[in-house]
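Novice:
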Amino acid sequence: MIATREHTQKQLGCNETEDIFDPEVHLNYAPPATLLTMEDLGLKGSKTSTPIAGSAPFPFLSEAGVHAYRRCLMKPHTLQDCAKSYGAGTFILRNLAQHSKFISDLWTHPGTMRIVSEVAGVPLTIIMPIEIGHTNIQTAGCTVDDLMKELEVEPKASSVCMVEQDGYDPLRESAVIPWHHDSYPYVAVLMLSDTTHMTGGETYIRKNDGSAVKVEGPSLGHCVILQGGQVEHLAARAFGATERITTITSYRAAIPGLHDDSYLSNVRPYCDLPELYTEWTSYRLEKMKQEIEHMQATIIQHVGRDRDSFPLDEVHHFAEQQISYLKRTVRQMVDRTLCVDVRRRFDVREINSVSEKWALVHAHPQFNDLLPGVMAQTLMWGPVRLYLSDWEETKYMIRSGNASLVHSQQGTFSWDQNRVDEYLFGDELLRQGLKEVLLAWLHRFDLVTLGN
10 MIATREHTQK QLGCNETEDI FDPEVHLNYA PPATLLTMED LGLKGSKTST
60 PIAGSAPFPF LSEAGVHAYR RCLMKPHTLQ DCAKSYGAGT FILRNLAQHS
110 KFISDLWTHP GTMRIVSEVA GVPLTIIMPI EIGHTNIQTA GCTVDDLMKE
160 LEVEPKASSV CMVEQDGYDP LRESAVIPWH HDSYPYVAVL MLSDTTHMTG
210 GETYIRKNDG SAVKVEGPSL GHCVILQGGQ VEHLAARAFG ATERITTITS
260 YRAAIPGLHD DSYLSNVRPY CDLPELYTEW TSYRLEKMKQ EIEHMQATII
310 QHVGRDRDSF PLDEVHHFAE QQISYLKRTV RQMVDRTLCV DVRRRFDVRE
360 INSVSEKWAL VHAHPQFNDL LPGVMAQTLM WGPVRLYLSD WEETKYMIRS
410 GNASLVHSQQ GTFSWDQNRV DEYLFGDELL RQGLKEVLLA WLHRFDLVTL
460 GN
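If you want our numbering, it's the 1-based position in the sequence shown plus 9.
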């Protein structure tokens, strides 16, 4: 421990120096005291879910690991290249694995992968390199230059007086991130700030009966695992500390035959699209390749056991899965020109809260009168033609009583077949998590003002 501290202290003043990741030095894992299951929440889960919904916070990084990680984040070149404002006092850092070997090595190390897989209860694999170490920083600064001046490698236990925290109820008032499903099946959330004077910051998970269960936020060096793509949850606001740094890595289950229920909905509004789409396509095709190889092995084994039969039903099911998977892969890559135009007109928070805007538009007294004319014009608008055909397919599934077979970015999809006419085009865009397309549609046909 003494040698480790000396090593850390020698490096603190060197802005561009990184430690070499060593699991014996930088990890400090102990299993979580409790695990929350889908059954605990009263949720059946979908065919793509697994039993563990989330974990209590557990020790993950040592003191040396925290210092080493923070040092990587605070390199001037890293902040300049990776940090973007996400509203007043909030920054996000993307694509850190490309700028930091330590961060890349930490999250991809077999020891780390064993830890997250053990806690999740299933073998996990990282979604794609761009999703390694996504970092959120809440601080007083408004610019990246402010960020570089304020942040230090040593986490400070400093506090600030926050009158607004008195009586704050995250279930009734604004949250850092309101009720949502994650883009990816699993996340590991790691705390890199001292939480001594911090209050709030918990995660609330929606149960089947509509109530919420609270998962305490992690303390310094601690981590939580959440099956965030399957459970609806919100992140409560944190008060009392001068900074709050959390870093997130996203995963899918590495189980052959288990459908990967991933979307780009939450990350597309602020990512470099060519970079994101390149990694997305590569990982999706690699996943398909693995599934094809698994099916080849299944066929060989089946025929080896019984040469007079063939698993035709399995092959049909496999083909349908791969068609659906490839279709979603393409649909999630929204046209860049449309995305750029939406980003120019709306900020990231407005894009990510479009479901609330749609609910207000839908409930407006004038909406039903305007809708027929809007849809007549929509049929002639080229950018949405693919989604119109998807809408018809989904309505067919609802009408035929097969709504449960439809995937949704907003959790388990359900719709009463007697209400199929109430399933609108905006609902289809939300089902697919196509936030920019929905906002562009509402804006183009002057519906967005109904939600003001």
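Glycine included, each C-beta is placed from N, C-alpha and C at the ideal position.
Since tyrosine 286 and methionine 207 should fall inside the 8 Å C-beta cutoff, what is the C-beta to C-beta distance between them, to a whole number of angstroms?
Specialist: Not confirmed; about 37 Å, so no contact.
Novice: So, under 8 Å CB-CB, threonine 99 and glutamine 147 are touching, yes? Tell me the CB distance rounded to an integer number of Å.
Specialist: So it is a contact: roughly 5 Å between Cβ atoms.
Novice: Give every residue of the same chain whose Cβ lies closer than 6 Å to the Cβ of leucine 52, excluding the five residues on either side of it in the sequence, and list them in chain order.
Specialist: Excluding sequence neighbours, leucine 52 sits near Asn217.
Novice: Between the C-alpha atoms of valine 128 and valine 34, what's the straight-line distance to the nearest angstrom?
Specialist: Taking the straight line from one Cα to the other gives about 21 Å.
Novice: In chain order, what residues of the same chain lie with their CB nearer than 7 Å to the CB of glutamine 89, ignoring the 5 residues before and after it?
Specialist: Here the set comprises Val153.
Novice: Three-state secondary structure (DSSP) at leucine 235?
Specialist: Residue state, collapsed to three classes: strand.
Novice: In whole angstroms, what separates the C-alpha of glycine 237 from that of isoleucine 139?
Specialist: Cα to Cα, the separation comes out at about 18 Å.
Novice: Can we say the stretch 35 to 52 touches the stretch 242 to 259, given the rule of at least three CB pairs closer than 8 Å?
Specialist: No, because fewer than three Cβ pairs between the stretch 35 to 52 and the stretch 242 to 259 fall closer than 8 Å, the two stretches do not touch.
Novice: With 16 as the cutoff for other CB atoms within 10 Å, does asparagine 461 come out buried or exposed?
Specialist: Counting Cβ neighbours within 10 Å, asparagine 461 comes out exposed, since fewer than 16 surround it.
Novice: Could you check if glutamine 375 is buried or exposed, using at least 16 other CB atoms within 10 Å of its CB as the buried criterion?
Specialist: That one is exposed.
Novice: Measuring from the CB of glutamine 147, is there a heavy atom of the ligand ATP at a distance below 8 Å?
Specialist: Looking for the ligand ATP in the displayed structure turns up nothing, as the structure carries no ligands at all.
Novice: Return the first residue and the last residue of the alpha helix (DSSP H) that threonine 121 is part of.
Specialist: Where threonine 121 is concerned, the enclosing alpha helix (DSSP H) stretches over 119 to 129.
Novice: With aspartate 269 and lysine 296 assumed to form a contact (beta carbons below 8 Å), what rounded beta-carbon distance in angstroms separates them?
Specialist: About 6 Å; that satisfies the 8 Å criterion.
Novice: What are the partner residues of isoleucine 61, as DSSP defines its beta bridges?
Specialist: Answer is Thr46.
Novice: By alpha-carbon positions, which one of Phe355, Val125, Gly266 ends up nearest to histidine 68?
Specialist: Here residue 68 is proline; the residue named in the question, histidine, does not match the sequence. Selected option, being the one with the closest Cα: Val125.
Novice: What's the C-alpha gap between glutamate 70 and methionine 157?
Specialist: One point to set straight first is that residue 70 is leucine, not glutamate, in the sequence displayed. Using only the alpha carbons, I get a separation of about 23 Å.
Novice: Can you list, in chain order, the residues of its chain with a C-beta nearer than 6 Å to that of valine 363? Leave out the 5 residues immediately preceding and following it.
Specialist: Excluding residues within five positions, the ones whose Cβ falls inside 6 Å are Lys444, Leu447, Leu448.
Novice: Counting pairs of Cβ atoms below 8 Å between the stretch 75 to 93 and the stretch 106 to 115, do you hit three or more?
Specialist: Contact between the stretch 75 to 93 and the stretch 106 to 115 is present, because at least three Cβ pairs lie under 8 Å.
Novice: Provide the residue(s) that pair with glutamine 293 in DSSP beta bridges, ordered along the chain.
Specialist: First, the residue type needs correcting, since residue 293 is arginine and not glutamine in the sequence shown. DSSP, once it has assigned bridges, lists no residue as partnering arginine 293.
Novice: If you draw a straight line from the C-alpha of isoleucine 254 to the C-alpha of methionine 406, how long is it?
Specialist: One C-alpha to the other measures close to 44 Å.
Novice: Report the residue from Leu397, Met389, His452 whose alpha carbon sits nearest the alpha carbon of cysteine 348.
Specialist: Of Leu397, Met389, His452, the residue nearest in Cα terms is His452.
Novice: Alpha carbon to alpha carbon, what distance is there between serine 423 and valine 162?
Specialist: Those two C-alpha atoms are separated by around 48 Å.
Novice: Which value, in whole angstroms, describes the spacing of the CA atoms of isoleucine 301 and threonine 403?
Specialist: Using only the alpha carbons, I get a separation of about 27 Å.
Novice: Of all the alpha helix (DSSP H) runs that stay within the bounds of the stretch 343 to 425, which reach a length of 4 or more residues?
Specialist: Fully enclosed alpha helix (DSSP H) runs of 4 or longer: 345 to 354, 357 to 361, 363 to 372, 376 to 387, 394 to 408.
Novice: Quick check: what's the CA-CA separation for serine 398 versus aspartate 28?
Specialist: Computed Cα separation, rounded: 52 Å.
Novice: With the cut-off set at 9 Å, would you say glutamate 323 and proline 66 are in Cβ contact?
Specialist: No, the pair does not count as a contact, with Cβ atoms beyond the cut-off.
Novice: Under the rule that 16 or more other beta-carbon atoms within 10 Å means buried, what is aspartate 455, buried or exposed?
Specialist: With fewer than 16 other Cβ atoms within 10 Å, it is exposed.
Novice: By the DSSP assignment, the beta strand (DSSP E) with phenylalanine 319 in it spans what residues?
Specialist: Segment: none, phenylalanine 319 is in no beta strand (DSSP E) and carries neither H nor E.
Novice: Straight-line CA distance for glycine 442 to arginine 215?
Specialist: Rounded to the nearest angstrom, the two C-alpha atoms are 19 Å apart.
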